[in-house]
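Asker: Residues in the sequence shown are numbered from 10 upward in steps of one, following my numbering.
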Amino acid sequence: MAISLYDISVASSLQVLGGVAGALDKGAAHCTENGIDLAEVAGTRLVPDMWSFRDQIYSVMHHSLGSIKGVESGAFSPPELDPEMDYAACQALIASAIEMLGGYTREQVNAWEDNDVLFSLGRFELPFKAPEFVLSFSHPNLYFHATTAYDMLRMKGTPIGKMDFMGPLRTAG
10 MAISLYDISV
20 ASSLQVLGGV
30 AGALDKGAAH
40 CTENGIDLAE
50 VAGTRLVPDM
60 WSFRDQIYSV
70 MHHSLGSIKG
80 VESGAFSPPE
90 LDPEMDYAAC
100 QALIASAIEM
110 LGGYTREQVN
120 AWEDNDVLFS
130 LGRFELPFKA
140 PEFVLSFSHP
150 NLYFHATTAY
160 DMLRMKGTPI
170 GKMDFMGPLR
180 TAG
């Protein structure tokens, strides 16, 4: 069975983004109904030395839409986080990422299969081929940040479960 770069990058990212978008909507509804301040949620951290909820959401975007942009350009580096991003901006960011990723075609992305991608953090660099970049670097980060954001919403009492996290499944037929 052959699987394409589009399937492992765009299609998989859209599934994760769909789950995150749904969880964000349920989180907003839960917080509004229960008098939980959405500004407080945006700044929530699981532990003091971990990134905030808003940073987790930004990283979900960065390791989905930003990942495919990195595959296209050949360069990827850590995101520049927005410490002022509120909950509504988190929702808008994910909605925008879904819309922009949806604009990439299967043919366009698959043409980048042999692209080199260089991850840079200061003087530290990691060279990849596009599929390995997506599978071994970007996807683990994408799932980590999506899971952490999900966990923060659960910590606030949002009634979400595994099916919410999984997003829109790609089923046969």
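Here a beta-carbon is modelled for each residue, glycine too, at the ideal position from N, C-alpha and C.
1) Hey, is the region 130 to 141 in contact with the region 153 to 173, meaning 3+ C-beta pairs nearer than 8 Å?
2) List the endpoints of the continuous beta strand (DSSP E) containing Asp125.
3) Give me the Cα-Cα distance between Glu81 and Asp64, rounded to the nearest whole angstrom.
4) Scan the region 60 to 119 and note each continuous alpha helix (DSSP H) run of 4 residues or more that stays entirely inside, going in chain order.
5) Helix, strand or coil: how does DSSP classify Pro136 here?
6) Hey, quick one: how far does the alpha helix (DSSP H) through Asn150 stretch, first residue to last?
7) As a quick exercise: from Leu102, Phe142, Ile77, pick the residue whose alpha carbon is nearest that of Thr114.
8) Quick check: is the beta carbon of Leu162 nearer than 8 Å to any beta carbon in chain D?
9) Under the assumption that Leu127 contacts Gly83 (Cβ atoms under 8 Å), give the Cβ distance between them as a whole number of angstroms.
10) How should Ala97 be labelled, buried or exposed, when 16 other C-beta atoms within 10 angstroms of its C-beta is the threshold for buried?
11) Which of helix, strand or coil does DSSP assign to Thr167?
12) Do Gly52 and Phe62 have their beta-carbon atoms positioned less than 8 Å apart in this structure?
13) Find out if the Cβ-Cβ distance for the pair Tyr67, Leu23 is shorter than 8 Å.
14) Can Ser73 and Ala106 be called in contact, C-beta distance under 8 Å?
15) Can you give me the Cβ contacts of Gly36 inside the same chain, cut-off strictly under 6 Å, excluding the 5 residues immediately before and after it?
16) Are the CB atoms of Val25 and Val118 within a distance shorter than 8 Å?
17) Starting from Ser18, trace the alpha helix (DSSP H) in both directions and tell me its first and last residue.
18) According to DSSP, is Glu122 helix, strand or coil?
Answerer: In this structure, then:
1) no
2) Position 116 of the sequence shown, counted from the first residue, corresponds to residue 125. Counting along the chain, the beta strand (DSSP E) containing Asp125 begins and ends at 125 to 130.
3) Numbered from its first residue, the sequence shown carries residue 81 at position 72. Numbered from its first residue, the sequence shown carries residue 64 at position 55. If I take the Cα positions, the gap works out to 24 Å.
4) 62 to 71, 74 to 82, 96 to 110, 115 to 119
5) The count along the sequence shown starts at 1 and reaches residue 136 at position 127. Strand, per DSSP.
6) Indexing the sequence shown from 1 puts residue 150 at position 141. It spans 148 to 164 - the alpha helix (DSSP H) in which Asn150 sits, taken as one unbroken run.
7) The sequence position of residue 114 within the sequence shown is 105, counting from 1. Nearest option by C-alpha distance: Ile77.
8) The structure shown contains no chain D; it holds only a single protein chain.
9) In the sequence shown, residue 127 corresponds to position 118, counting from 1. In the sequence shown, residue 83 corresponds to position 74, counting from 1. 6 Å between Cβ atoms; contact.
10) Numbered from its first residue, the sequence shown carries residue 97 at position 88. Label assigned to Ala97: exposed.
11) The residue you call residue 167 lines up with position 158 of the sequence shown. Correct three-state label for Thr167: coil.
12) Position 53 of the sequence shown holds residue 62. Position 43 of the sequence shown holds residue 52. The answer is yes: Cβ separation under 8 Å.
13) The residue you call residue 67 lines up with position 58 of the sequence shown. The residue you call residue 23 lines up with position 14 of the sequence shown. For Tyr67 and Leu23, no; Cβs fall outside 8 Å.
14) Indexing the sequence shown from 1 puts residue 73 at position 64. Indexing the sequence shown from 1 puts residue 106 at position 97. In this structure, Ala106 lies closer than 8 Å to Ser73 by Cβ.
15) Reading the sequence shown from its first residue, position 27 is the one you call residue 36. Around Gly36: Leu162, Thr167.
16) In the sequence shown, counting from the first residue as 1, residue 118 sits at position 109. In the sequence shown, counting from the first residue as 1, residue 25 sits at position 16. In this structure, Val25 does not lie closer than 8 Å to Val118 by Cβ.
17) By one-based count along the sequence shown, residue 18 stands at place 9. No alpha helix (DSSP H) contains Ser18, which DSSP labels as neither H nor E.
18) Counted from its first residue, the sequence shown places residue 122 at position 113. Three-state result, Glu122: coil.
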